[in-house]
Every structure is written in structure tokens, then in C-alpha cells.
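Novice: Numbering (my numbering), first residue to last: 1056 to 1379.
C-beta: ideal position from N, C-alpha, C; glycine also.
All figures in this text were calculated on a predicted structure; none of them were measured in a lab.
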Amino acid sequence: TPTITYNTVNNPINPTGGKSYFYSLGFSGLGGNVKSITNVVDWKYYHPVNKHRNVLGFHASGAFITGYGGGEPPPYSRFYMGGESDIRGFDIRSITPVTFIPVATAQQFTYTCNTCLNGFGQPTPRTVSVPVLGYTITFPGGDTQGYGNVEYRIPIIGNTFQTVLFFDGGTNGILRKGALRLDPTGFDNLNTSFPSAVTSGALDANRQLGIAPNTNFRLRGSTGIEFVVQLPIIQAPFRVYYAYNVHRLHSQLLAPPDFIEPTEICDPSLGDKCGAVGRLPATLPPDVWRFQVRPTIEQLLKNPGSLNYFEPARTFRFTVSRTF
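1) Work out the CA separation of L1308 and R1349 for me, nearest whole Å.
2) If you follow the alpha helix (DSSP H) that R1334 is part of, which residue opens it and which one closes it?
3) For T1060, which residues from the same chain have a beta carbon less than 6 Å from its beta carbon, with the 5 sequence-adjacent residues on both sides left out?
4) Return helix, strand or coil for P1129, following the three-state DSSP convention.
5) Mind listing, in chain order, the continuous beta strand (DSSP E) runs of no fewer than 3 residues lying wholly within the segment 1215 to 1271?
6) Name the one or two DSSP bridge partners that Y1190 has.
7) Kindly indicate which three-state DSSP category I1147 falls into: helix, strand or coil?
8) Does the beta-carbon of C1329 have 16 or more other beta-carbons within 10 angstroms, so that it is buried, or is it exposed?
9) For a test of the three-state rule: what should DSSP assign to Q1162, helix, strand or coil?
10) How many Å lie between V1396 and I1289 at the Cα?
11) Whose CA, out of P1195, F1293, Q1163, lies closest to the CA of P1130?
12) By alpha-carbon positions, which one of N1269, P1210, T1191, G1213 ends up nearest to T1226?
13) Since G1144 and R1369 are thought to touch, with beta carbons under 8 Å apart, how far apart are those beta carbons, to the nearest angstrom?
14) With distances taken from CA atoms, which of R1262, L1220, G1201, T1247 is nearest D1141?
15) Determine, using beta carbons only, whether T1182 and F1155 come nearer to each other than 8 Å.
16) What is the rounded straight-line gap between the Cα of I1147 and the Cα of V1089?
17) For Q1263, which option in D1322, R1273, N1244, D1238 has the closest C-alpha, if you only look at C-alpha atoms?
18) Within the same chain, show all residues whose beta-carbon is closer than 8 Å to that of N1300, passing over the 5 residues directly before and after it, in chain order.
19) Taking DSSP's pairing of strands, which residues face S1361 in a bridge?
20) Look at the alpha carbon of L1235 and the alpha carbon of V1153, and state the distance between them as a whole number of angstroms.
21) Does E1139 come out as helix, strand or coil in the three-state DSSP assignment?
22) Taking all protein chains shown into account, do 16 or more other C-beta atoms lie within 10 angstroms of the C-beta of T1071, making it buried, or fewer, making it exposed?
23) What is the C-beta distance between S1248 and P1186, in whole angstroms, given that I count them as a contact (C-beta under 8 Å)?
24) With DSSP as the reference, identify every bridge partner of H1302, one or two as the case may be.
25) In its own chain, which residues sit with a C-beta less than 8 Å from the C-beta of P1057, not counting the 5 before and 5 after it?
26) Start and end of the alpha helix (DSSP H) containing T1318?
27) When burial is assigned at 16 or more other CB atoms within 10 Å of the CB, is F1221 buried or exposed?
28) Which residue wins for smallest C-alpha separation from T1240, given the options V1158, S1324, R1273?
29) Could you pull out every residue in the same chain whose Cβ sits closer than 6 Å to the Cβ of N1204, ignoring the five residues on either side in sequence?
30) Suppose you measure from the CA of G1333 to the CA of T1179; what does that come to, to the nearest Å?
31) Since S1149 and I1120 are thought to touch, with beta carbons under 8 Å apart, how far apart are those beta carbons, to the nearest angstrom?
32) Whose CA, out of G1279, D1313, Q1347, L1111, lies closest to the CA of P1359?
33) Please name the residue, chosen from E1316, K1099, A1310, that lies closest to I1192 on a Cα-to-Cα basis.
As C-alpha cells, then:
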């Protein structure tokens, strides 16, 4: 991994002045099956203030990863932000775009069969299975990230005990959306099970996966205070901090509507535009289909899956090390 470094920081643990620049270009897959290129740039600057008693620190970092030779970066190489190393008020590796992956499921619908009686002469419940194209929520990580930190460090007892006021801000997202696709085998299997899904828009013809609104390159920000204790014997900063998240995601993410093939449920007598009666209206008793099964299916199709994506408003955490 080639790197370029310039560093004039006067202390690696408790700096009071200086600056550093860092750039790296990483290659993966030379002779392997993972082919990716990662660019990372990092900058730090420390400036003494208040007659050299306190320190004002600045930090900025950015990274971009991409595939080459037909390969794409694996999930474990992509970027997930959050935690004490970048934006302190968020859970570790929780900042990422959100995507929806189509999956084939079999939905069971229960109905009461009035002509199917048990030993007591009572109607018995029956079930019918229907193939459904649904969606599951996943967190693929970003291919591009950037964040910055500002700290005002106030020594209380030398380097042994310090108070730090901080602000962290940044974003993480997918710049190369074309790389976010279903694999060909999975797409072919879904297209075989649901041949009308592409024409209806439930499946993208280019195998493209959708990104949930407001999750790609969403700005996050934290501000707060931390207390740092450094024991001379251990030479490692122990810190406790409180962070308030001034920019966070607090919304309900809706998946695309589920899809059922018209050949399963289409009923021209109820106004559906189709060439033939579907399997369920053709095989179920008319009253069961119209008043029990169809209303349940309509509710399913009108109510897509959702995720309450409520990031914390504030965080209190203990950790060892510094953010920068």
C-alpha cells in the first residue's frame, strides 16, 4: 500500500502544535478474488491558544473505495461510520446507506371453509399459500465517506486530566450506485418465479437495488464534552464523553410494495385488468375469495414493510484512545 506522509505534530498522544498529512492508495486482489482500490486522505492540525494553556485541534478525513476488473468491494471493505473514532454520538458502525433487496417468500393466507366441517359440525380454518415478492432491508455500507472533528482541549491537571469540547460531523454514502446490484443468478431466479415483476416495476431490469430515501450521504453531527484521564504508568487516554446529535436520522423507512403475480390473484369480475382469471379466484369458493382472502391480500399490498430508523439523540460512553 503506497503512502505519503508529512508530520510535524509534537506529541502523538497529547499534541499542542503541529500538523500532519496522510494519503494512502490500497490495492486488493492482486492474485486473489477480491479486486478493490481504496483511497484515504487524512489531515490534522493543532494550535495552542490562551497563552499555550489550551489546544485547538482540527481533523478531516475522507475515503473512497471502488472495484476493478469486473469486481466490486466486499461488504467488510466498505465504510460504516459512527463511534468514538469519527462521529462520537452514534453507535459504532451504524452510519450507512440503507437498501432493499427483493426476496421470494410464500405468504400463508387463512380463511374459514364453511363447507369443511369438523366432528362437531363447525367450519374449519384452511390456508392457501401464495408466492410473494417482498423486500428485506440491508445495510451495504458506503463507498465514499468524509468527516471532520474540532476539539478544544483544556488541561485541568497537566496531561493527567483534561476536559475537551468537541464537534464531529460527516457523511457516508454510495457514489457508484451502479455497483449496487443483484447477482445474475439471484435475479434470474426471481425473474423466473415472478415473470411480470420487471414490467410492473417490482424488479429493475438492470438488477439495480434501490436506496432508501434520506439515507445516502445523510449529514450526521455530534457535539458534546468529554473528560480524559491519562495515567502515567499506562500511557493511554481513558475518556468518558457525552454527545448530543445535532444532525441525525429519525424517520420510518418504507420498503417498496410487495408484488404478487396477476396469474395468482387477477379477477376481471372485480375490475382487474387481466387476460384470464387467476389461480385463487378460480379455485377458491367465491365468497371465500371475495370476502376473506382478497381483502387480506389487498392489505398486504397496500402496507409495505417498514423500519423505524431512530438514531439516538444523545450518547454517554466510556472508551480508551482519542478520536484524533
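Specialist: For this structure:
1) The alpha-carbon separation between R1349 and L1308 amounts to approximately 26 Å.
2) 1334 to 1338 is the span of the alpha helix (DSSP H), which, as asked, contains R1334.
3) For T1060, where only same-chain residues beyond five positions count, the Cβ hits under 6 Å are F1077.
4) Coil, per DSSP.
5) Entirely contained in the segment 1215 to 1271, the beta strand (DSSP E) runs reaching 3 residues are, in chain order, 1216 to 1228.
6) BP columns for Y1190 point to P1157.
7) Assignment of I1147 by DSSP, reduced to helix, strand and coil, places it in the coil class.
8) Exposed.
9) Taken through DSSP and simplified to helix, strand or coil, Q1162 comes out as strand.
10) Residue 1396 lies beyond the residue range present for the chain, which begins at 1056 and ends at 1379; the question has no answer from this structure.
11) Considering only P1195, F1293, Q1163, the residue with the shortest C-alpha distance to P1130 is P1195.
12) T1226 has its Cα closest to that of N1269, out of N1269, P1210, T1191, G1213.
13) With a contact defined as Cβ atoms closer than 8 Å, G1144 and R1369 qualify at about 7 Å.
14) Minimum Cα distance to D1141 is reached at G1201.
15) No.
16) Approximately 25 Å, taken between the alpha carbons.
17) Considering only alpha carbons, the answer is D1238.
18) Cβ within range, chain order: G1144, F1145, R1275, G1276, S1277, E1366, P1367, A1368, R1369, T1370.
19) Bridge partners of S1361: L1309.
20) Using only the alpha carbons, I get a separation of about 11 Å.
21) Three-state result, E1139: coil.
22) T1071 is classed as buried because its beta carbon has at least 16 other beta carbons within 10 Å across all chains shown.
23) Indeed they touch by this definition, with Cβ atoms about 6 Å apart.
24) When beta bridges are read from the DSSP output, H1302 appears opposite G1276.
25) Cβ contact annotation for P1057 (same chain, cutoff 8 Å, sequence separation greater than five): S1079, L1080, in chain order.
26) 1317 to 1320 is the extent of the alpha helix (DSSP H) around T1318.
27) Taking a 10 Å sphere around the C-beta of F1221, we find 16 or more other C-beta atoms and assign the residue as buried.
28) Nearest option by C-alpha distance: V1158.
29) Setting aside the 5 residues that flank it on each side, N1204 is surrounded in the same chain by H1114, D1223, T1378, F1379, each with a C-beta closer than 6 Å to its C-beta; the list follows chain order.
30) Between G1333 and T1179, the alpha-carbon positions lie close to 24 Å from each other.
31) Actually they do not touch by this definition, with Cβ atoms about 19 Å apart.
32) The residue with the shortest Cα to Cα distance from P1359 is D1313.
33) The shortest CA-to-CA distance from I1192 to any of E1316, K1099, A1310 is the one to A1310.
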